[in-house]
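Novice: Here it is, the structure in full.
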Amino acid sequence: MTLTSLPQRHLLPSETPIGLLDADGRLIDGSELTMPGDDVLLDLHRRMVIGRRFDTQATALTKQGRLAVYPSSRGQEACEVGAVVALDAQDWLFPTYRDSVALVTRGVDPVQTLTLLQGGWHLGYDPYELRVAPQCTPLATNTLHAVGVAHAARYKGEDSVALVLLGDGATSEGDTHEALNFAGVWQTPTVFLVQNNGYAISVPMSKQNAAPSLAHKGIGYGIPSLLIDGNDPAAVYSAVRQAVETARAGGGPTLIEAVTYRIEAHTNADDASRYRDSGEVAAWLGRDPLDRLEAYLIGRGLLDDARREAVAAEAEDFAASVRKGMNADVAVRPQSLFDHVYAERTAALREQAAMLEAELAGEEA
Amino acid sequence: MTLTSLPQRHLLPSETPIGLLDADGRLIDGSELTMPGDDVLLDLHRRMVIGRRFDTQATALTKQGRLAVYPSSRGQEACEVGAVVALDAQDWLFPTYRDSVALVTRGVDPVQTLTLLQGGWHLGYDPYELRVAPQCTPLATNTLHAVGVAHAARYKGEDSVALVLLGDGATSEGDTHEALNFAGVWQTPTVFLVQNNGYAISVPMSKQNAAPSLAHKGIGYGIPSLLIDGNDPAAVYSAVRQAVETARAGGGPTLIEAVTYRIEAHTNADDASRYRDSGEVAAWLGRDPLDRLEAYLIGRGLLDDARREAVAAEAEDFAASVRKGMNADVAVRPQSLFDHVYAERTAALREQAAMLEAELAGEEA
Amino acid sequence: MTTIEKVQQLSMAGALNAALADALEADDRVLVFGEDVGPLGGVFRVTDGLSERFGERRVFDTPLAESGIVGTAIGMAMNGLRPVVEMQFDAFAYPAFEQITSHLAKMRNRTQGKVELPVVIRIPYGGGIGGVEHHCDSSEAYYTHTPGLRVVTPGTPADAYHLLRDAIDSPDPVIFLEPKRRYWAKGEVALDRAGAPMDRAVVRRTGKDVTLIAYGPMVTTALETAEAAIEEGWDVEVVDLRSLSPFDDETVAASVRKTGRAVVVHEASGFCGYGAEVAARLTERCFHHLHAPILRVTGLDIPYPAPKLEEHHLPSVDRILDTMARLQWDDEVCGA
Amino acid sequence: MTTIEKVQQLSMAGALNAALADALEADDRVLVFGEDVGPLGGVFRVTDGLSERFGERRVFDTPLAESGIVGTAIGMAMNGLRPVVEMQFDAFAYPAFEQITSHLAKMRNRTQGKVELPVVIRIPYGGGIGGVEHHCDSSEAYYTHTPGLRVVTPGTPADAYHLLRDAIDSPDPVIFLEPKRRYWAKGEVALDRAGAPMDRAVVRRTGKDVTLIAYGPMVTTALETAEAAIEEGWDVEVVDLRSLSPFDDETVAASVRKTGRAVVVHEASGFCGYGAEVAARLTERCFHHLHAPILRVTGLDIPYPAPKLEEHHLPSVDRILDTMARLQWDDEVCGA
Ligand SMILES: Cc1ncc(C[n+]2csc(CCOP(=O)(O)OP(=O)(O)O)c2C)c(N)n1
Ligand SMILES: Cc1ncc(C[n+]2csc(CCOP(=O)(O)OP(=O)(O)O)c2C)c(N)n1
Ligand SMILES: [Mg+2]
Ligand SMILES: [Mg+2]
């Protein structure tokens with residue numbers, strides 16, 4: 001009996017990551033994935049350049065003390081950008097702390113994106129405006145929210161899809177399992193994109209999971225899964241787009257594992273030299289997602305120096321606006337502490353607000 | 001490429017449950033499983049008869065108010081007995097609330113087994129005596145304990161294996177996922193036996209999981225898995241024995257799904273007519289695990305009327321001893337409430353013990 | 001005022017069932033789900049008949065995973081629905097603790113009020129039913145210590161109806177604790193929306209000598225104690241808190257200032273139990289009115305015991321009376 | 001008494017590291033595991049160098065799953081080992097809540113003492129470090145309300161060493177709360193086993209006017225307050241609880257009876273916080289010695305705020321002094 005003849009075949013991923021562009025930006029023949037149109041590729045390129053510039057800018061802001069902490073997604077731009085571009089306006093994005101580039105790609109104001117890391121409040125943007133859930137820190141917990149949002153969309157007769165991002169480490173949490181299971185049983189329009197960037201802080205995949213791949217988890221929930229090259233922006237876009245369309249059409253959830261690499265340390269506060277070789281990083285730098293897309297686009301004659309420069313200039317402007325926004329001092333309003341605990345302040349909160357008010361008045365006096 | 005040529009093939013279960021004896025007790029040709037020896041089969045038979053008698057006795061005790069509640073495993077004796085007989089003395093058993101028959105099969109005193117359900121204390125036996133963990137009520141939580149015990153055994157250089165029993169419903173809990181993952185990564189000598197008895201209280205499999213089978217979860221953890229006929233005692237014994245031997249030899253964990261059926265309601269307090277047809281029950285009664293083993297043994301000439309009667313008489317004696325033990329009034333010692341909260345009573349517990357002592361003295365006076 | 005047809009004799013389980021039915025009827029954003037709440041009608045039959053009446057689209061069984069239930073409810077509420085979920089027994093809500101504590105309680109705050117989560121988590125709690133381990137916990141203090149959650153618990157069938165309707169209508173997440181030993185006790189229930197607001201305590205019996213503060217399963221016990229106390233010559237005022245968080249300082253402090261003595265009763269273990277907060281805050285607010293320290297009658301500081309021993313653990317009328325006797329009735333009173 | 005070589009200047013993180021190393025050295029049943037505790041040495045470097053020194057068999061990284069970490073630790077302890085596990089931050093222990101509450105706390109009780117679980121769960125807790133959401137919770141009350149758990153927290157580097165050694169040796173499970181804002185503060189540490197028993201409070205500063213009760217991160221703040229109070233004319237006694245559960249009634253009540261006034265301080269939200277228990281039980285025991293109600297200075301009843309606002313949430317020297325001023329210094333005193 002051949003594998004493909006098995007009823008379960010469609011639930012299993014390929015043995016190795018599939019892609020559309022190889023590490024040198026050459027088209028891979030006969031890929032199962034569909035090559036996106038040129039306009040999409042150019043859009044991916046432009047957004048990846050901006051995303052990367054945003055990322056380096058944010059890292060720079062940590063050095064100036066303007067951000068408390070920043071988890072960089074350098075090297076993961078194919079996922080951060082490819083996945084988001086594959087969404088439509090009515091779709092939902094559920095990002096983690098690492099996915100700031102995904103947010104700005106979605107159109108969230110970069111300064112509002114950084115509010116969390118700047119320390120002014122836990123969230124700077126309105127999740128309903130662009131259907132972007134708060135960046136989630138407790139790992140894997142938002143997978144369930146994405147399933148719930150997707151289920152509610154179907155209940156209300158809307159055709160929106162929820163895309164949730166999670167890391168390799170987060171797949172070990174019980175919530176990931178419960179979310180995949182609920183999605184499988186309820187057939188919710190949810191797409192799970194695991195960015196397997198090789199590490200959960202310091203912990204490598206070998207200590208995290210013993211499966212042939214993380215995508216092999218799908219079959220345990222009756223969820224079709226894909227194992228893709230996460231440094232190939234065309235592949236990420238294509239896989240997510242296909243999954244989103246399937247979900248929108250009522251075909252249920254998909255699990256995608258995108259194999260990529262975290263080029264920087266876990267955050268600026270982390271010291272990656274304690275647990276990995278610089279040689280490993282160097283090897284992955286050679287598989288850079290942006291370089292490969294540029295090589296392909298140049299080869300195809302779609303990207304010339306003028307356009308590259310224009311995009312670079314746009315990215316610089318973007319970074320400048322981020323710097324400007326972040327250099328402005330954040331006005332924090334102590335009384336706001338009491339405003340959003342409940343729909344209305346309770347009597348106890350009114351007492352505490354009065355105490356704080358008096359303290360602050362005393363300090364001023 | 002054929003399925004068997006894939007590196008992942010050994011991690012996937014068969015498409016349908018495999019067995020050694022069909023529903024009529026006929027030997028299945030060419031099974032992947034190894035037929036146990038005649039002595040084992042006779043032992044399984046004897047213990048299944050006793051187990052079933054114990055089970056009906058316990059149900060009867062609920063009617064007389066001697067037990068607060070009893071979750072019957074009628075119909076699941078192939079699992080309850082087959083799995084336990086496959087263990088050696090140094091192995092550990094992690095049972096759930098439903099697995100009282102597994103306990104008595106392991107040799108736990110039946111009255112001590114029923115202490116929990118009688119309400120005298122949460123546990124009546126010493127878990128170390130026969131390496132039987134407390135029957136576990138919070139679903140799936142004991143899967144992790146079994147992984148921990150197995151890991152500790154290897155750390156200490158012991159060759160014991162931990163077998164954990166869980167239900168189809170329990171597979172949905174996050175803890176099951178975490179346990180399978182830890183076991184896979186650490187390669188602990190743990191055997192997971194899922195008794196898929198069709199229901200989690202009232203909830204059928206169709207609302208619980210969308211995978212081709214529960215055994216298909218194994219591959220997501222790199223754990224080899226087996227899908228077996230859970231009403232075939234020879235198959236259960238053989239599968240568990242093989243998994244135990246693999247684990248003991250350092251080959252790591254195995255996930256086994258045994259497809260069986262809960263003949264009775266969830267517990268005596270449940271009303272199964274609210275959620276399932278009697279026709280379904282009738283069909284499963286036709287696949288009775290004990291009948292099929294008897295048919296096979298009789299066909300083989302291994303079981304005659306004399307032996308059947310002897311076993312039945314032994315089971316009756318066993319039931320009588322259970323009745324006797326359960327009719328004895330349980331002496332509860334109120335002061336014991338304070339004895340096992342910490343290794344030593346705290347000052348606060350001493351105060352509370354004195355209060356209770358005074359109250360009881362006052363009542364007597 | 002209620003029309004006569006709307007007043008019925010109902011058990012607490014029946015009143016809860018009526019509240020769910022009326023809420024489902026009133027608002028199709030309301031969904032009811034959890035383990036066995038569909039065709040079975042829940043292990044306590046609180047959701048009896050609802051999936052049949054409203055369809056399995058609105059009242060349904062989930063896979064067996066409490067974090068999953070609460071986590072997906074959060075998502076649904078983010079997307080405009082009003083989920084009412086059931087945790088089968090108190091201790092089985094613990095797997096959902098992270099979702100409750102880090103998300104349900106905090107979402108409004110994190111998002112500066114942009115995202116609100118009108119989720120109700122129904123949890124049968126407490127003992128007194130001869131349940132085996134893990135089936136009798138009183139877990140209220142875990143939730144009341146978590147800002148952002150409302151925690152309410154009915155003591156009567158009428159309150160069961162009213163508080164559950166209010167909880168479902170609340171823009172805040174509500175932990176709705178159902179005293180399982182009182183599920184079957186009947187009372188008169190007005191199936192309307194009148195009555196005390198969700199966050200107010202109610203004086204169930206007036207008295208002048210001592211305030212007995214109770215909630216949930218202990219309301220009945222407190223009222224029995226008040227009757228028994230007559231013989232001791234104590235006129236007991238019984239306050240039913242109803243809302244554990246927020247706490248109704250006004251009503252309760254007024255009673256304690258009047259009587260000058262108070263006892264707070266609950267089933268949960270005493271140490272860091274809810275009664276500690278009640279005693280501490282009332283002492284802060286009423287110190288100079290107190291003739292004696294506020295005392296607590298609570299479960300012992302032990303894991304919930306096996307059925308045959310639970311009577312020694314649970315607050316009883318006698319234990320409450322013994323405690324009242326320690327309220328320094330004969331002392332020289334000062335500071336009042 | 002300690003030999004001179006055994007006394008070192010260490011940060012609290014360093015003292016904890018030394019305690020782990022000495023425990024690993026002393027007993028090969030001790031294992032240290034959790035997220036990133038291996039080669040990285042933990043995000044706070046508390047396990048720095050341990051996996052290198054003792055090997056990854058004894059000090060190792062686990063998959064990323066807190067329930068899994070605690071659940072497997074329980075199994076290992078059942079089978080004779082003494083696991084010391086780390087939860088990376090306070091709020092990330094919540095996924096393990098069921099394992100902690102229903103198993104770790106109860107196993108001894110369920111099995112009538114047959115199975116004991118000498119597990120230590122290390123949890124960095126509290127705020128004051130500019131951490132983003134979910135990184136600054138003070139979750140002690142969830143654990144102290146759970147019978148069967150011991151809960152301890154050091155206020156000084158020396159106590160960090162001693163309490164952790166004691167916790168690892170304890171036959172009971174211990175929730176070991178590490179005040180992360182004090183990780184880097186240095187102090188003199190005697191690397192021996194002398195000192196106060198694990199379950200005793202310690203008077204850190206004697207005074208006669210008011211007892212200031214603190215623990216963990218607030219011990220330093222309390223001592224600073226005591227110095228500042230001199231100017232106000234108040235002679236403050238500072239008690240460091242060390243053991244939150246069980247509570248050392250004897251030491252603390254003696255202090256409060258002596259001073260007649262008390263304030264309890266913690267970072268966690270006040271409502272149903274640990275301070276409620278402290279105030280309630282001391283009021284029960286010391287009522288007639290009190291000149292004023294026992295007051296609490298705690299975090300506000302809000303989710304832990306963002307870094308730029310945390311100063312308003314956390315108890316400060318000024319807020320404690322303001323509270324002390326409300327202890328009715330001029331009133332006619334009665335009942336003492
Ligand atoms: C429940 C929970 N446990 C622990 C943490 C602490 N933590 C933050 S990020 C991280 C590693 C996550 O790794 P992964 O999921 O692979 O995502 P990545 O950071 O690589 O993007 C850990 C352990 C957390 N945020 N939530
Ligand atoms: C964590 C948890 N949630 C809920 C329950 C309540 N409960 C007890 S048994 C049960 C059904 C379990 O089904 P399954 O795992 O299939 O085992 P079976 O009873 O069929 O043997 C439920 C929901 C529980 N014991 N633990
Ligand atoms: Mg990662
Ligand atoms: Mg089942």
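Chains as they are written, first to last, in the UniProt record's numbering: chain A, 1 to 365; chain B, 1 to 365; chain C, 1 to 336; chain D, 1 to 336. Just so you know, even glycine gets a beta-carbon here, dropped at the ideal spot from N, CA and C. Note that this is a predicted model, so its numbers are computed, not measured.
1. Taking 8 Å as the threshold, find out whether the segment 277 to 290 of chain C comes into contact with the segment 246 to 256 of chain C through three or more Cβ pairs.
2. In whole angstroms, what is the alpha-carbon distance linking Ala258(B) and Pro95(D)?
3. Do the CB positions of Arg74(A) and Asp99(A) come within less than 7 Å of each other?
4. Quick one: is Glu173(A) near chain D, going by C-beta distance under 7 Å?
5. Quick one: grab the DSSP three-state call for Thr2(A).
6. Taking residue 367(A) as the reference, which of Arg276(A), Ala239(A), Leu93(A), Asp339(A) has the closest Cα?
7. Could you tell me the boundaries of the beta strand (DSSP E) in which Trp92(B) lies?
8. Mind checking which residues open and close the beta strand (DSSP E) that includes Val298(D)?
9. So with Cβ pairs under 7 Å, would you call His216(A) a contact of chain B?
10. Can you give me the C-alpha to C-alpha distance between Ala158(C) and Val189(C), rounded to a whole angstrom?
11. Less than 6 Å separating the Cβ of Gly75(B) from some heavy atom of ligand 4?
12. Relative to ligand 3, is the shortest distance from any of its heavy atoms to the C-beta of Asn231(A) smaller than 6 Å?
13. Return no unless some Cβ of chain B is closer than 7 Å to the Cβ of Pro173(D).
14. Quick one: residues with CB closer than 7 Å to any heavy atom of ligand 5, in chain order, please.
15. Could you give the residue range of the alpha helix (DSSP H) that holds Glu284(D)?
16. Let's see if you can read the secondary structure: which residues bound the beta strand (DSSP E) around Val30(C)?
17. Please report whether the beta-carbon of Tyr71(C) lies at a distance below 7 Å from any beta-carbon of chain A.
18. List the endpoints of the continuous beta strand (DSSP E) containing Pro124(C).
19. How many angstroms separate the CA atom of Val341(B) from the CA atom of Leu104(D)?
20. Can you tell me which of the three DSSP states Tyr183(C) falls into?
21. Can you name the start and end residues of the beta strand (DSSP E) that Leu227(A) belongs to?
22. I need the DSSP call for Tyr94(C), collapsed to helix, strand or coil.
23. Output the boundary residues of the beta strand (DSSP E) element that contains Gly167(B).
24. Kindly list, in the order they appear in chain C, the residues whose Cβ is closer than 7 Å to that of Leu356(B).
25. Could you name the residues of the segment 141 to 173 of chain A whose beta carbon sits closer than 9 Å to any beta carbon of chain C, in the order they occur along the chain?
26. Using a Cβ-Cβ distance under 7 Å, would Ala89(A) count as near chain C?
27. Quick one: is Ala214(D) buried, meaning 16 or more other Cβ sit within 10 Å of its Cβ, or exposed?
28. Do Asn231(B) and Pro289(B) count as a contact pair if the criterion is CB distance below 7 Å?
29. Quick one: which chain D residues come within Cβ less than 7 Å of Pro307(C)?
30. Can you pull the chain A residues whose beta carbon is under 7 Å from the beta carbon of Glu98(C), in chain order?
31. Apart from the five residues just before and just after Gly270(D), which ones in its own chain have a Cβ nearer than 8 Å to its Cβ?
32. Kindly indicate if chain C contains any beta-carbon less than 7 Å away from that of Thr2(B).
33. How long is the line joining the alpha carbons of Asp317(B) and Pro134(B), rounded to whole angstroms?
34. Could you work out which residues of chain C lie near residue 369(B), taking near to mean beta carbons separated by less than 7 Å?
35. By the 10 Å Cβ neighbour count, where 16 or more other Cβ atoms means buried, how is Ala222(D) classified, buried or exposed?
36. Between the alpha carbons of Ile50(B) and Ala162(B), how many angstroms are there, rounded?
Specialist: In short:
1. yes
2. Walking along the second sequence from the start, residue 258(B) turns up at place 258. Walking along the fourth sequence from the start, residue 95(D) turns up at place 95. Whole-angstrom Cα-Cα distance: 29 Å.
3. Here residue 74(A) corresponds to residue number 74 of the first sequence, with the count starting at 1. Here residue 99(A) corresponds to residue number 99 of the first sequence, with the count starting at 1. Contact: no.
4. One-based indexing of the first sequence puts residue 173(A) at position 173. Closer than 7 Å to some Cβ of chain D, the Cβ of Glu173(A) qualifies, so yes.
5. In the first sequence, counting from the first residue as 1, residue 2(A) sits at position 2. Summary for Thr2(A): the model assigns pLDDT 40, below 50, so the residue's position carries little reliability; its value from the coordinates is reported in the next sentence. Thr2(A): strand per DSSP, three-state reduction.
6. Not covered by the structure: residue 367(A). The range shown for chain A is 1 to 365.
7. In the second sequence, the residue the question calls residue 92(B) occupies position 92. Here the beta strand (DSSP E) through Trp92(B) covers 92 to 94.
8. Translated into the one-based positions of the fourth sequence, residue 298(D) becomes position 298. Looking at the sequence itself, residue 298(D) is Thr, so the reference to Val does not match. Unbroken beta strand (DSSP E) run through Thr298(D): 295 to 299.
9. Sequence index remark: in the first sequence, residue 216(A) carries index 216 (1-based). Yes, His216(A) counts as interfacial toward chain B.
10. Walking along the third sequence from the start, residue 158(C) turns up at place 158. Walking along the third sequence from the start, residue 189(C) turns up at place 189. Cα to Cα, the separation comes out at about 4 Å.
11. Indexing the second sequence from 1 puts residue 75(B) at position 75. Result no, Cβ not under 6 Å from ligand 4.
12. Translated into the one-based positions of the first sequence, residue 231(A) becomes position 231. No, the Cβ of Asn231(A) stays beyond 6 Å of every heavy atom of ligand 3.
13. Position 173 of the fourth sequence, counting from 1, holds the residue named residue 173(D). Taking Cβ atoms only, chain B never reaches closer than 7 Å to Pro173(D), which makes this a no.
14. Inclusion of ligand 5 in the displayed structure is not the case, the ligand content consisting of ligand 1, ligand 2, ligand 3 and ligand 4 alone.
15. Locating residue 284(D) in the fourth sequence gives position 284, where the first residue counts as 1. Element bounds for Glu284(D): 274 to 286.
16. Taking the first residue of the third sequence as 1, we reach residue 30(C) at position 30. Note, Val30(C): beta strand (DSSP E), 30 to 34.
17. Against the third sequence, residue 71(C) aligns to sequence position 71. This sequence places Gly at residue 71(C); Tyr is not what is there. Yes, because at least one Cβ of chain A sits closer than 7 Å to the Cβ of Gly71(C).
18. Position 124 of the third sequence, counting from 1, holds the residue named residue 124(C). Segment 120 to 125, the beta strand (DSSP E) holding Pro124(C).
19. Your numbering for residue 341(B) matches position 341 in the second sequence. Your numbering for residue 104(D) matches position 104 in the fourth sequence. Between Val341(B) and Leu104(D), the C-alpha separation is close to 11 Å.
20. If you number the third sequence from 1, residue 183(C) lands on position 183. Three-state result, Tyr183(C): coil.
21. Translated into positions along the first sequence, residue 227(A) becomes position 227. Here the beta strand (DSSP E) through Leu227(A) covers 225 to 229.
22. Residue 94(C) sits at position 94 when you count from the first residue of the third sequence. Note: Tyr94(C) maps to helix in three-state DSSP.
23. Reading the second sequence from its first residue, position 167 is the one you call residue 167(B). Where Gly167(B) is concerned, the enclosing beta strand (DSSP E) stretches over 162 to 167.
24. Against the second sequence, residue 356(B) aligns to sequence position 356. Near Leu356(B) (Cβ distances below 7 Å), the residues of chain C are His312.
25. Thr141, Asn142, Thr143, Leu144, His145, Ala146, Val147, Gly148, Val149, Ala150, His151, Ala152, Ala153, Tyr155, Lys156, Glu158, Ser160, Ala162
26. For the purposes of this step, residue 89(A) is taken as residue 89 along the first sequence, with counting starting at 1. No, because no Cβ of chain C sits closer than 7 Å to the Cβ of Ala89(A).
27. Counted from its first residue, the fourth sequence places residue 214(D) at position 214. With 16 or more other Cβ atoms within 10 Å, it is buried.
28. Taking the first residue of the second sequence as 1, we reach residue 289(B) at position 289. Taking the first residue of the second sequence as 1, we reach residue 231(B) at position 231. Yes, Cβ-Cβ distance for Pro289(B) and Asn231(B) is below 7 Å.
29. On the third sequence, residue 307(C) is found 307 positions in, with the first residue counted as 1. None at all; the shortest Cβ gap to chain D is about 14 Å.
30. As a working note, residue 98(C) is residue 98 in the third sequence. Pro138, Thr141, listed in chain order.
31. Translated into the one-based positions of the fourth sequence, residue 270(D) becomes position 270. Only Ala276, Arg296, Thr298, Gly299, Leu300, Asp301 meet the Cβ criterion.
32. Along the second sequence, one-based indexing puts residue 2(B) at 2. Because Thr2(B) carries a pLDDT of 39, less than 50, the predicted location of this residue cannot be relied on, and no value is offered for it.
33. On the second sequence, position 317 is the one that residue 317(B) refers to. On the second sequence, position 134 is the one that residue 134(B) refers to. If you take the alpha carbons of Asp317(B) and Pro134(B), they lie about 26 Å apart.
34. The question about residue 369(B) has no answer, for chain B in this structure spans 1 to 365.
35. Taking the fourth sequence and counting its residues from 1, one reaches residue 222(D) at position 222. Its Cβ being crowded by 16 or more others within 10 Å, Ala222(D) is buried.
36. What you label residue 50(B) is simply residue 50 of the second sequence in a count that begins at 1. What you label residue 162(B) is simply residue 162 of the second sequence in a count that begins at 1. Their backbone Cα atoms lie some 24 Å apart in a straight line.
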